[in-house]
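Notes follow the structure.
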Amino acid sequence: MGSASSSPGRPAAAEEPEPEVAPLRSTVREGVKIVIVGGFGVGKTTMVRSVSEIRPLSTEEVMTEAGVGIDDVAGVRGKNTTTVAFDFGRISLDEHLVLYLFGAPGQERFWFLWDRLFAGTLGAVVLLDTRRVEDSWYAIDRLEHHNMPFVVARNNFGQPTHTLEEVRDALSLDPGVPLVDCDARRRESSRDVLITLVQHVYALSSAAYGAMAGAAS
Ligand SMILES: Nc1nc2c(ncn2[C@@H]2O[C@H](COP(=O)(O)OP(=O)(O)O)[C@@H](O)[C@H]2O)c(=O)[nH]1
Ligand SMILES: [Mg+2]
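The sequence shown runs 882 to 1098 under the numbering used here.
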């Protein structure tokens, strides 16, 4: 990996169109944070780029020999950058509410950052590459440990093909955790993943509220 200096706005994939730059509205009163986590090369930077309304801040660095033995590149063909810190993007939901997206490195050596990252976070998306399912086990484990609502999104790279039921079994995923397919390169697909997360968080909080109301009556 190269130096840890950030490169704001450096595109992760040259073929992607640049998102328009939209200044943050002065009417914004509240921000909501969502974190996208997963193994190396699973598509976190791609997802933040595809849905962000601003040119995302990214800290992609060209991998050099310094990353050999640290970042596991097996099965990640054509990837020659790695994220040394975070991706950051933004979506305005309405004139008052803005969604902040953080793409967080899933590599084990960055876990010391997670506690702070999860403070004030609405929920998380675990991105999954079925060629490297084990990379996402760590993220799922940490999210369960933090009691953080999350959904799992299989970023579909094509082969090998598995049904979502097979993926759920392989992950031993709780039946209550939503599992969906996505193509992180497509804006609508990434947006649908975020909607799934928000709906899941809403369902969890409604259930918790219902239980509290039931206990109080
Ligand atoms: N075929 C395919 N390639 C993808 C998809 N999502 C990301 N990629 C590519 O996979 C590589 C790794 O993605 P990246 O976002 O850098 O992974 P990160 O390490 O999780 O941030 C990049 O070259 C992306 O262009 C996808 O859904 N399908
Ligand atoms: Mg990245």
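Beta carbons: idealized from backbone N, C-alpha and C, even for Gly.
Nonlocal neighbours in the same chain, by C-beta distance under 6 Å from Leu1009, ignoring five residues either side: Contacts found: Ser1017, Val1033, Arg1035.
Range covered by the beta strand (DSSP E) that runs through Phe967: Neither: Phe967 is in no beta strand (DSSP E) and is coded neither H nor E.
Euclidean distance between Cα positions of Pro1059 and Tyr1090: A straight line joining the alpha-carbon of Pro1059 with that of Tyr1090 spans about 20 Å.
Those runs of the beta strand (DSSP E) which lie wholly inside the segment 990-1023 and span at least 3 residues: 1002-1009
Buried or exposed (CB count within 10 angstroms, at least 16 for buried), Phe993: exposed
Delimiting residues of the beta strand (DSSP E) encompassing Pro1061: Per the sequence presented here, residue 1061 reads as Val, with Pro not at that position. Residues 1060-1063.
Top-ranked residue by Cα proximity to Glu911, from Thr926, Thr927, Ser973, Val1006: Ser973
Three-way DSSP call (helix, strand, coil) for Lys1089 in this model: Before going further, note that residue 1089 is Ala rather than Lys in the sequence given. Helix, per DSSP.
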